[in-house]
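Residue numbers (this note's numbering), protein chains in the order written: chain D, 613 to 742; chain E, 613 to 742.
From the three backbone atoms N, C-alpha and C, an ideal C-beta is built for every residue, glycine too.
Please read the structure below before turning to the comments.
There are 2 protein chains.
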Amino acid sequence: MTETSFWILTALSAGARHGYAILNEVAELSDGAMKLRVTTLYASLERLERQSHVRATGDEIVEGRARRYYEITDVGRAQLEAEAARLAQRATVAQARIAAQTTPARPAAARPSSSPGVAFSPLASTAVPA
Amino acid sequence: MTETSFWILTALSAGARHGYAILNEVAELSDGAMKLRVTTLYASLERLERQSHVRATGDEIVEGRARRYYEITDVGRAQLEAEAARLAQRATVAQARIAAQTTPARPAAARPSSSPGVAFSPLASTAVPA
DNA sequence: GACGGACATTCCCGCTGTGGGTATATTGCC
DNA sequence: GGCAATATACCCACAGCGGGAATGTCCGTC
Numbered sequence: 613m614t615e616t617s618f619w620i621l622t623a624l625s626a627g628a629r630h631g632y633a634i635l636n637e638v639a640e641l642s643d644g645a646m647k648l649r650v651t652t653l654y655a656s657l658e659r660l661e662r663q664s665h666v667r668a669t670g671d672e673i674v675e676g677r678a679r680r681y682y683e684i685t686d687v688g689r690a691q692l693e694a695e696a697a698r699l700a701q702r703a704t705v706a707q708a709r710i711a712a713q714t715t716p717a718r719p720a721a722a723r724p725s726s727s728p729g730v731a732f733s734p735l736a737s738t739a740v741p742a
Numbered sequence: 613m614t615e616t617s618f619w620i621l622t623a624l625s626a627g628a629r630h631g632y633a634i635l636n637e638v639a640e641l642s643d644g645a646m647k648l649r650v651t652t653l654y655a656s657l658e659r660l661e662r663q664s665h666v667r668a669t670g671d672e673i674v675e676g677r678a679r680r681y682y683e684i685t686d687v688g689r690a691q692l693e694a695e696a697a698r699l700a701q702r703a704t705v706a707q708a709r710i711a712a713q714t715t716p717a718r719p720a721a722a723r724p725s726s727s728p729g730v731a732f733s734p735l736a737s738t739a740v741p742a
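Now the structure itself:
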């Protein structure tokens with residue numbers, strides 16, 4: 613999932629929104645870090661609609677302006693949930709590595725990176741050199 | 613930062629690696645979820661080198677095969693750290709929204725949402741502790 | 001009354017990142 | 001000899017993103 617799609621689904625997970633409202637909500641949710649462009653937004657909404665992650669719930673005319681409302685589908689919600697879990701895991705893995713790096717003394721390069729038998733335990737010993 | 617760059621930097625944050633070793637380590641770190649293609653890998657390494665996030669530390673010949681080792685720079689490490697923090701925040705924001713949506717009673721560590729049922733609360737400020 | 005700004009959607013077009021396929025070269029196994 | 005694994009590199013196509021701008025209404029300011 614792209615970051616754009618992630619933010620759109622997150623915005624919609626609290627209720628139906630029209631395009632422009634999504635734009636503003638994403639900026640707010642991300643604390644200004646993510647500013648969607650209108651072109652990106654509407655292109656992404658089209659893609660999400662094709663993938664049945666969002667659904668258009670009809671057009672409205674409010675004060676002369678046409679508004680198209682979108683809502684998240686069950687599929688979209690499941691995808692968002694899975695993506696959030698992946699993001700959390702990614703962050704954990706990276707932060708564990710960074711922490712393991714800054715704490716102990718570090719040898720020079722060219723260690724062989726032969727994997728320790730068990731697959732990936734981020735919080736414990738991440739292949740710390742002897 | 614792209615996901616590819618993120619994983620490469622994460623792999624390199626534990627020490628210098630050559631391209632092919634990065635490939636394997638990323639698959640391991642992500643528990644098989646992320647499988648870099650060789651084309652993507654080397655193209656990304658070039659980009660990261662141009663941005664001074666990684667640095668080539670010289671070529672070696674091991675058993676007849678040329679190996680080019682890469683190591684993460686201080687700039688790259690800082691970028692990785694920042695990216696990990698962003699990922700964690702994104703995951704938190706999304707999971708709080710999902711929790712507020714699915715559990716009407718009480719979300720775990722999220723902020724107290726005023727009205728559970730028909731939630732259209734605009735979220736005045738991002739309540740994510742850094 | 002003209003002008004700019006906010007709202008709201010849509011089209012055109014170029015750039016970047018990704019990935020499939022493939023070429024090259026060496027070592028080890030069957 | 002053929003095949004897999006290791007290791008890097010090139011060519012080309014596709015998808016997502018974003019700049020620019022068009023369309024149209026409403027509101028506040030000059």
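Terminal residues of the continuous beta strand (DSSP E) containing residue i?
i	result
residue 672(E)	666–674
residue 679(E)	677–684
Would residue i pass as an interface residue toward chain E - the criterion being a Cβ-Cβ separation below 8 angstroms?
i	result
residue 657(D)	no
residue 622(D)	yes
residue 691(D)	no
residue 702(D)	yes
residue 617(D)	no
residue 625(D)	yes
residue 634(D)	no
residue 660(D)	no
Tell me where the alpha helix (DSSP H) around residue i begins and ends.
i	result
residue 633(D)	631–641
residue 628(D)	Per DSSP, residue 628(D) belongs to no alpha helix (DSSP H) and is neither H nor E.
residue 659(E)	650–662
residue 616(E)	615–624
Can you give me the C-alpha to C-alpha distance between residue i and residue j, rounded to a whole angstrom?
i	j	result
residue 617(D)	residue 657(D)	8 angstroms
residue 710(D)	residue 613(E)	17 angstroms
residue 659(E)	residue 653(E)	10 angstroms
residue 628(E)	residue 633(D)	46 angstroms
residue 678(D)	residue 621(D)	22 angstroms
residue 639(D)	residue 651(E)	34 angstroms
residue 703(E)	residue 695(E)	12 angstroms
residue 671(E)	residue 631(E)	11 angstroms
residue 673(D)	residue 693(E)	46 angstroms
residue 643(D)	residue 699(E)	13 angstroms
residue 705(D)	residue 635(D)	31 angstroms
residue 645(E)	residue 661(D)	25 angstroms
residue 681(E)	residue 697(E)	27 angstroms
residue 701(D)	residue 649(D)	28 angstroms
residue 675(D)	residue 641(E)	53 angstroms
Mind reading off the beta-carbon distance from residue i to residue j? Whole number of angstroms is fine, and I expect it under 8 angstroms.
i	j	result
residue 637(E)	residue 623(E)	4 angstroms
residue 713(E)	residue 626(D)	7 angstroms
Got a sec? Which residues, its chain only, sit under 8 angstroms from residue i by beta carbon, not counting five neighbours each side?
i	result
residue 685(D)	664, 665, 666 and 667
residue 615(D)	646
residue 820(E)	Given that chain E is displayed from residue 613 to residue 742, the structure contains no residue 820(E) and the question cannot be resolved.
Would you say residue i reaches chain D, if we count a Cβ-Cβ gap shorter than 8 angstroms as a contact?
i	result
residue 707(E)	yes
residue 648(E)	no
residue 653(E)	no
residue 713(E)	yes
Going by beta carbon distance, what residues of the same chain come within less than 7 angstroms of residue i, once the five residues before and after it are set aside?
i	result
residue 769(D)	Shown here, chain D extends from 613 to 742; a query on residue 769(D) therefore has no answer.
residue 683(D)	624, 628, 666, 667 and 669
residue 689(D)	625
Note down, in chain order, each residue of its chain lying with its Cβ closer than 6 angstroms to the Cβ of residue i, except the 5 sequence neighbours on either side.
i	result
residue 647(E)	639
residue 619(E)	638 and 646
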